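Residues 75 to 479 in my numbering are what the sequence shown lists, from first letter to last. Note that beta-carbon positions come from the ideal geometry of N, C-alpha and C, so glycine has one too. These numbers were taken from a predicted model, which means no experiment stands behind them.
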Amino acid sequence: MEGQGVFVKRRLHSPVLLLAALAVAVTAESGLAQIAPRQAGSGPAPAVTVAPPRMPAVVDANNLYSETASGRMSAAVSGALERVYVPNLKSNDVYVIDPATFKVVDRFKVGVNPQHVVPSWDLRTLWVANNAEGRTDGALTPIDPKTGKPGEAKSVDDPYNMYFTPDGSSAIVVAEALKRLDFRDPQTMVLQSSLPTPQCDGINHADFAIDGSYAIFTCEFEGGLVKIDPVNRKVLGYLKLSKGGMPQDIRVSPDGKLFYVADMMANGVFVVNGENFTEIGFIATGVGTHGLYPSRDGKKLYITNRGSNKIHGSPHGKGSVSVLDFATRKVEATWPIPGGGSPDMGNVSADGRLLWVSGRYDNVVYAIDTTSGSVKTIRVGTEPHGLTVWPQPGRYSLGHTGNMR
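Right under this line is the structure:
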């Protein structure tokens, strides 16, 4: 029940085969189910399984981020205020920054322990995920991007983070303390079903396959990952990472073949083959590796290093941002935060010129120039976490602070 948990290509010659192939194509296009054509006498009919979701088509198979490039704004974000929304975990509020002036222009109270500001799949709402650590009054607070103002919160169990199925039919609330994923109506947030992930203690961040057929979530307190089928809503497997650290954010490579996993104890990024679900490499970056953000051209990955291996770190740590080249899998630059800091989570500006991230243990936000690495600092509330920059380019949001496609 709600609120009851305590949360600490083939050629065809035969007309029959041609008709069968057409039937399959129509079925696949409908997004309902895909069944392989059968010849008479080939044995029992195979079980029908639900096909990968009917999501917007991938425009460039070599760069699934192609539609998130600068200037590719959806009509759905027309009229949205250009703002940076900062959830402050300990002061239970959201600060609103005007990116044109780098000034705080508003602030408002939300629920208890706001963790992330999450753009909805349809890009029309920003949801503040208030997970109410150790309590039973978790909630999602909607923000209207056209006014920048909050609406009435919806009671939801343990919403540490939130994602959306690639077809937009469900929100996936990441109930971290409960070790489960709650599939909900993306508008009303009414519960549809729950998927337990018992071997994924600390489930929190995710990204999806290029075709949307699976997602991989990080298991912070298990030192591993869990792979799920979001269509049939089942666990496909678990993977223990070699260094047994604390995996945080995860992002898929532009060609969809690899997943990069930030690990704050291993001080770097694991590289995982998503299809066969195996670890294939590790790239050292900096202390407390945490957040992952693709550049607007899809060529680079900005990696925040929070400056501490502790969950509760200190101010002025060895914080930095590393820049990874997707093509070479090499770190080509590392930008330290002047005077020390704690860059955590955020996103890239719509024009790609600034990386906006929270300074978790310094109660600030950093606006980092993506050419020079120079930093502007803005004072905010207590322990800022998963901020979002809005509006962003893209056709739809998969959740988190703006995992756009």
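| Query | Result |
| --- | --- |
| Going residue by residue through the stretch 411-455, where are the continuous alpha helix (DSSP H) segments of at least 4 residues, counting only ones entirely within it? | none |
| Using a Cβ-Cβ cutoff of less than 7 Å, which residues in the same chain neighbour residue 169 once the five nearest sequence positions on both sides are dropped? | 160, 162, 178, 181, 454, 455 |
| Work out the CA separation of residue 132 and residue 514 for me, nearest whole Å. | With the chain covering only 75 through 479, there is no way to say anything about residue 514. |
| Which word fits residue 446, buried or exposed, when buried means at least 16 other C-beta atoms lie within 10 angstroms of its C-beta? | exposed |
| Bridge partners for residue 214 per DSSP, in chain order? | 203, 228 |
| What are the boundary residues of the beta strand (DSSP E) that includes residue 143? | Taken as a continuous stretch (DSSP letters only), residue 143 belongs to no beta strand (DSSP E), as it is neither H nor E. |
| With DSSP collapsed to three states, give me the class of residue 476. | coil |
| When you compare the CB positions of residue 313 and residue 299, do they come within less than 8 Å of one another, or not? | yes |
| I'd like the span of the beta strand (DSSP E) that includes residue 252, first residue to last. | First-last for residue 252: undefined, no H or E at that position. |
| Please state whether the Cβ-Cβ distance between residue 240 and residue 286 is less than 8 Å. | yes |
| I need the DSSP call for residue 326, collapsed to helix, strand or coil. | strand |
| Taking residue 418 and residue 428 to be in contact with their CB atoms under 8 Å, please state how far apart those CB atoms are, rounded to whole angstroms. | About 16 Å separates the two Cβ atoms, so there is no contact after all. |
| Residue 247: buried (16+ other C-beta within 10 angstroms of its C-beta) or exposed? | buried |
| With DSSP collapsed to three states, give me the class of residue 149. | helix |
| Within 10 angstroms of its Cβ, does residue 259 collect 16 or more other Cβ (buried), or is it exposed? | exposed |
| So what's residue 340 in DSSP terms, helix, strand or just coil? | coil |
| Mind checking residue 402: buried by the 16 CB within 10 Å criterion, or exposed? | exposed |
| Would you identify the three-state DSSP class for residue 190, choosing helix, strand or coil? | strand |
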